[in-house]
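Worksheet: the structure to be examined is printed underneath.
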Amino acid sequence: MRALCLALTLALVLPNPALAWGPTGHRITAKIGEDNMDPAAREAMQAVTGARSLALLATWPDFIRSFPEYDCLKPMHFLTVEDGQPVEEALQETPFVGGKCKKEDLQRLGIPMNVVGAIDFFTAVLKGDNAKTQAFAELLSLGGAEPLHGSIELTALALLVHFAGDVHQPLHVGRGADRGGNSVMVDWFGKLENLHMVWDELLIERKLLSYTEFADFLEQDFADRPAVEYGGGPVAWAEESVVHRAAAYEFGSRPGQNLPELSYEYADGVDALLNQRLYEGGRRLAEHLDRIYGP
Ligand SMILES: [Zn+2]
103 MRALCLALTL
113 ALVLPNPALA
123 WGPTGHRITA
133 KIGEDNMDPA
143 AREAMQAVTG
153 ARSLALLATW
163 PDFIRSFPEY
173 DCLKPMHFLT
183 VEDGQPVEEA
193 LQETPFVGGK
203 CKKEDLQRLG
213 IPMNVVGAID
223 FFTAVLKGDN
233 AKTQAFAELL
243 SLGGAEPLHG
253 SIELTALALL
263 VHFAGDVHQP
273 LHVGRGADRG
283 GNSVMVDWFG
293 KLENLHMVWD
303 ELLIERKLLS
313 YTEFADFLEQ
323 DFADRPAVEY
333 GGGPVAWAEE
343 SVVHRAAAYE
353 FGSRPGQNLP
363 ELSYEYADGV
373 DALLNQRLYE
383 GGRRLAEHLD
393 RIYGP
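Residue 103 is where the sequence shown starts when you use my numbering, and the numbers rise one by one after that.
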């Protein structure tokens, strides 16, 4: 009972929920994305990135999340979709989570407050939509935020790469009641954790692979599979995450247990799904960037 009380208390007082695949997950998706781009499109993109790898850029949106001048970017990491709710409907009513950011500014500038809308928005910026580029520059300046290396385009690219990863993490398209698993406390190999963190980082980190090793492993593993369609757009990717998230909640609870115990059985049970979402995220990112930068 004491452990349960502790868990419930922690669930209520723990600060800021996790916002993304952890750094390794984002780098894996970004590397697979960059590896699988059309060479001509990749070369065109390098005019924006310079010598920087997408894996390096992919983690910047999490790095800045503790700086209040970037608060307006916070609602873009996820989308809340209730069970049975169509994604298109959820896009209209995403709750705002912005700290110092003013909701009116986002609305006035027409900047979306969810991961699906953010992917479309930054895609338009990178395709040269002047109105959206201006709106984004104004949003950053309102908060006193600096663009990444002084470049609006590079900032938009880093955000797009990051959010393409997030939308494939099934609990980033989560239910409102448990904040995408952030309020679901679990016993993870004997440690108190929340389910969202298990999916953002812990399932990945337990492999003890670097992001390059993990990306290479996935590229080899998926190379032998029958041709898979990696296209679609962010609405479809979010709809898939809603379907897949059910598997994240499949853990039993034994009598006398205070918290669900997640260890080898759980991790091995969701392993194929974890790999699939990291790999799909990367291949979709490649196709998406080819459409932006390709001939
Ligand atoms: Zn994120």
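All C-beta atoms in this analysis are idealised placements derived from N, C-alpha and C, irrespective of residue type, glycine included.
{"Item": "Grouping DSSP H, G and I as helix and E and B as strand, with all else coil, what is N138?", "Value": "coil"}
{"Item": "With DSSP as the reference, label D231 as helix, strand or coil.", "Value": "coil"}
{"Item": "Grab me the residues of K309's own chain with a C-beta within less than 7 Å of its C-beta, minus the 5 sequence neighbours each way, in chain order.", "Value": "F316"}
{"Item": "Could you tell me the distance, in whole angstroms, from the CA atom of E341 to the CA atom of P141?", "Value": "30 Å"}
{"Item": "Would you kindly work out how many angstroms separate the C-alpha atoms of M147 and Y395, rounded to a whole number?", "Value": "6 Å"}
{"Item": "How many whole angstroms separate the CB atoms of Y332 and E389, which I take to be in contact at a CB cut-off of 8 Å?", "Value": "6 Å"}
{"Item": "Any idea what DSSP makes of V372, helix, strand or coil?", "Value": "coil"}
{"Item": "At what residues does the beta strand (DSSP E) containing K293 begin and finish?", "Value": "K293 to N296"}
{"Item": "Looking at the unbroken beta strand (DSSP E) that takes in D268, where does it start and where does it end?", "Value": "Segment I254 to D268 is the alpha helix (DSSP H) holding D268; no beta strand (DSSP E) there."}
{"Item": "Taking 7 Å as the cut-off, is the CB of P170 close to at least one heavy atom of ligand 1?", "Value": "no"}
{"Item": "Examine the Cβ distances between the stretch 126 to 133 and the stretch 224 to 239 and report whether three or more of them are shorter than 8 Å.", "Value": "no"}
{"Item": "Identify the continuous alpha helix (DSSP H) that holds V345 and give its terminal residues.", "Value": "P336 to A350"}
{"Item": "Among C203, Y313 and V344, which one has its Cα closest to the Cα of L244?", "Value": "C203"}
{"Item": "Please go through the stretch 156 to 243 and give each complete alpha helix (DSSP H) segment of 4 or more residues, from N-terminal end onward.", "Value": "156 to 160, 162 to 165, 189 to 194, 205 to 211 and 217 to 228"}
{"Item": "Comparing C-alpha positions only, which one of R167, R277, Q209 and V189 sits nearest to G201?", "Value": "R167"}
{"Item": "Kindly examine ligand 1 and report whether one of its heavy atoms sits closer than 7 Å to the Cβ of P197.", "Value": "no"}
{"Item": "Can you give me the C-alpha to C-alpha distance between A154 and L261, rounded to a whole angstrom?", "Value": "Going by the sequence as given, residue 154 is Arg instead of Ala. Straight-line Cα distance between these residues: approximately 14 Å."}
{"Item": "Closer than 8 Å is the cut-off here; do at least three beta carbon pairs connect the stretch 368 to 386 with the stretch 265 to 273?", "Value": "yes"}
{"Item": "Any heavy atom of ligand 1 closer than 7 Å to the CB of H264?", "Value": "yes"}
{"Item": "For W301, name the three-state secondary structure that DSSP assigns.", "Value": "helix"}
{"Item": "Along the chain, where does the beta strand (DSSP E) that runs through D326 open and close?", "Value": "Taken as a continuous stretch (DSSP letters only), D326 belongs to no beta strand (DSSP E), as it is neither H nor E."}
{"Item": "Please report how far the alpha carbon of T111 lies from the alpha carbon of M287, in whole angstroms.", "Value": "Because T111 sits at a pLDDT of 45, beneath the cut-off of 50, its placement in the model cannot be relied upon, and the following sentence gives the value as read from the coordinates. Cα to Cα, T111 sits roughly 10 Å from M287."}
{"Item": "So the beta strand (DSSP E) W123 belongs to, where does it begin and stop?", "Value": "That residue, W123, is in no beta strand (DSSP E); it is neither H nor E in DSSP."}
{"Item": "Sorry if obvious, but does the Cβ on D164 come closer than 7 Å to a heavy atom of ligand 1?", "Value": "yes"}
{"Item": "One question on the structure: do V275 and S365 come within less than 8 Å of each other, judged by their Cβ atoms?", "Value": "no"}
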